[in-house]
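Asker:
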Amino acid sequence: MDISIIGANGSTGKHIASRILLERLLLPTDRLQLVGRKGGSSANALYGFRQDLKDAFAEHCPIIDIALHPEEVVADIIVMAAGSTIQAHNDPHKAPPSRDELAVYNQQIALPYAEALAQYGHGHEVVIVVTNPVELIVEIFSQRYDRHRIIGMGAYQDSLRFRREVARSLNVSREAVRAMVLGEHGDGIVPLWSSITVQGFSDNETICAIRKVRSSTSSRDFPETLIRMRNDIIKIAQSGDIAEAFRIFDTLPPDIRIMIGPFLTLFAGVKTDIATANASVDLIKSMLSGKDTVIAAQVSLANEFLQVNGPIGAPVVISPKGWDAVYPMTLSDGEQQLFLQSAQSIQEKLKRWIV
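Numbering (UniProt numbering), first residue to last: 1 to 355.
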């Protein structure tokens, strides 16, 4: 098996490469391809990074090669991690840029790789999209390649965060909690409280536990509650008291924490690249498990779920071939309303973004 990482010299790309080797996902006879841009800062740096990986994982290191042109990308799994990110900074009065501001820049980076895949691909490649805005990049690749082989990891990472935060609030391990987040990887997220199951809890016990920890009694109220609580936390962070902001953050409901956590991380001057890389590799491991696995991920729908078209976080069945089908789920009325609103918002953004 071969894996290519587009943007391998970026912080997230480096962590993905290291985690792949730590997990021993590739045999010594397999290939890891580090992809950068000729003439860019990564062109020379990738050679040094390759040597560092060889030194670190000498006993079980796969073949590592370097590609500097889109048409040279050849692999069974292609991880699209190139592009600008929401930057960490140390200015508490400066709000981090939105994902919208990344769209114009990052689509120009993604387009040559999507077009090269359409022209030179063999039809069996699977693309894991990490680059934000993930819905935009998923759509760019899906318009040019088999949409069932394009998977965005945003909703997968959001679901991992949701499981962890629910588990914290219920004082159980994350492995005991099953939960999903659909919708946009951004403000349009849709936490599915109706999807939660807790190992060792009866249905009634789960319902009672959820009632105590969720941010509102109805999913319809979630966006307003999120905006209010996030603004309160940001004011504290902007005052320079990061420790107090994190203290209050720990008292918030779990569905609010999954959105505010990354913001606070950035206000503290740190990027979220380690968590993103770990989630990306976990997704790859799930895909390669040989089992049909149900996850939440950004895919380009064609009326398969609630009659929605276009890219959005949806429940899908994945396999080594990509995503095979949408998993049928029944959402509450409020969750369905939020999902449809998220789909509409994404479509409005795509009309502005896609040239």
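Even glycine gets a Cβ: it sits at the ideal position worked out from N, Cα and C.
In this text the structure is predicted, and so the values were computed from the model without any measurement.
Can you round the beta-carbon distance between residue 111 and residue 145 to whole angstroms, since I take them to be within the 8 Å contact cut?
Answerer: With 8 Å as the limit, residue 111 and residue 145 do not qualify as a contact, their Cβ atoms being about 12 Å apart.
Asker: What number of angstroms, rounded off, separates the C-alpha of residue 92 from the C-alpha of residue 267?
Answerer: Only weak support is given to the placement of residue 92: the predicted model assigns it a pLDDT of 48, under 50, and the question is left unresolved by the model.
Asker: Based on the DSSP secondary-structure assignment, which residues constitute the bridge partners of residue 152?
Answerer: 129 and 298
Asker: I'd like to check one pair, residue 323 with residue 299: are the Cβ atoms closer than 7 Å?
Answerer: yes
Asker: Between which two residues does the beta strand (DSSP E) holding residue 319 run?
Answerer: 309-319
Asker: By alpha-carbon positions, which one of 214, 310, 258 and 223 ends up nearest to residue 170?
Answerer: 214
Asker: Using C-beta distances below 7 Å, list every residue in its chain close to residue 335, excluding the 5 sequence neighbours before and after it, in chain order.
Answerer: Excluding sequence neighbours, residue 335 sits near 190, 192, 194 and 219.
Asker: Should residue 231 be labelled buried (16 or more other beta-carbon atoms within 10 Å of its own) or exposed?
Answerer: Exposed: under 16 other Cβ atoms inside 10 Å.
Asker: So is residue 90 buried or exposed if we call it buried at 16+ other beta carbons inside 10 Å?
Answerer: With a pLDDT of 49 at residue 90, under the threshold of 50, the modelled position of this residue cannot be trusted; read the value that follows with caution. Here residue 90 is exposed, its C-beta having fewer than 16 other C-beta atoms within 10 Å.
Asker: Could you check how far apart the C-beta atoms of residue 4 and residue 79 are, in whole angstroms? I think they sit under 8 Å.
Answerer: 7 Å
Asker: Rounded to whole angstroms, how far is the Cβ of residue 243 from the Cβ of residue 233, which I believe are closer than 8 Å?
Answerer: The pair is not a contact, with the Cβ atoms about 13 Å apart (cut-off 8 Å).
Asker: For residue 178 and residue 13, what's the separation of their Cα atoms in angstroms?
Answerer: Straight-line Cα distance between these residues: approximately 28 Å.
Asker: Which residues in the same chain as residue 30 place their Cβ atom closer than 6 Å to its Cβ, once the five residues preceding and following it in sequence are excluded?
Answerer: 1 and 62
Asker: Which word fits residue 46, buried or exposed, when buried means at least 16 other C-beta atoms lie within 10 angstroms of its C-beta?
Answerer: buried
Asker: Quick one: what does DSSP say residue 287 is sitting in, helix, strand or coil?
Answerer: Annotated three-state conformation of residue 287 is helix, per DSSP.
Asker: Does DSSP put residue 4 in a helix, a strand or coil?
Answerer: Residue state, collapsed to three classes: strand.
Asker: Identify the residues that DSSP records as bridge partners of residue 374: which are they?
Answerer: A question about residue 374 goes unanswered here, because the residues of the chain that appear run from 1 up to 355.
Asker: Checking 7 Å against the spacing of the C-beta atoms, do residue 24 and residue 60 come in under that value?
Answerer: Their beta carbons are under 7 Å apart, which means residue 24 touches residue 60 by this criterion.
Asker: Between the segment 100-108 and the segment 127-140, do at least 3 Cβ pairs fall closer than 8 Å?
Answerer: yes
Asker: Among the residues of its own chain, which have a CB less than 6 Å from the CB of residue 343, if the five just before and after it don't count?
Answerer: 308 and 312
Asker: Restricting to Cα atoms, I'd like to know which of 40, 53, 7 and 258 is closest to residue 21.
Answerer: Closest in alpha carbon position to residue 21, among 40, 53, 7 and 258, is 53.
Asker: Report, in whole angstroms, the separation of the C-beta atoms of residue 85 and residue 285, which I expect to be a contact under 8 Å.
Answerer: In fact, because the Cβ distance is near 23 Å, the residues do not count as touching under 8 Å.
Asker: Between the C-alpha atoms of residue 33 and residue 49, what's the straight-line distance to the nearest angstrom?
Answerer: 12 Å
Asker: Taking the Cβ atom as the reference point for each residue, do residue 274 and residue 15 lie within a distance shorter than 7 Å?
Answerer: Residue 15 is positioned such that its CB atom lies closer than 7 Å to that of residue 274.
Asker: Based on the DSSP secondary-structure assignment, which residues constitute the bridge partners of residue 65?
Answerer: Answer by DSSP bridge pairing, in chain order: 33.
Asker: Count the other CB atoms within 10 Å of the CB of residue 9; is the residue buried (16 or more) or exposed (fewer)?
Answerer: buried
Asker: Given residue 209, which residues of its chain have a CB within under 6 Å of its CB, disregarding the five upstream and five downstream residues?
Answerer: 170
Asker: Secondary structure at residue 191, three-state DSSP: helix, strand or coil?
Answerer: strand
Asker: DSSP state of residue 258, grouped into three classes?
Answerer: helix
Asker: Around the C-beta of residue 227, are 16 or more other C-beta atoms found within 10 angstroms, so that it is buried, or is it exposed?
Answerer: exposed
Asker: Please list the terminal residues of the continuous beta strand (DSSP E) segment that includes residue 183.
Answerer: Its beta strand (DSSP E) spans residues 177-183.
Asker: Return the first residue and the last residue of the beta strand (DSSP E) that residue 329 is part of.
Answerer: First-last for residue 329: undefined, no H or E at that position.
Asker: Which residues mark the beginning and the end of the beta strand (DSSP E) in which residue 79 is found?
Answerer: 77-80
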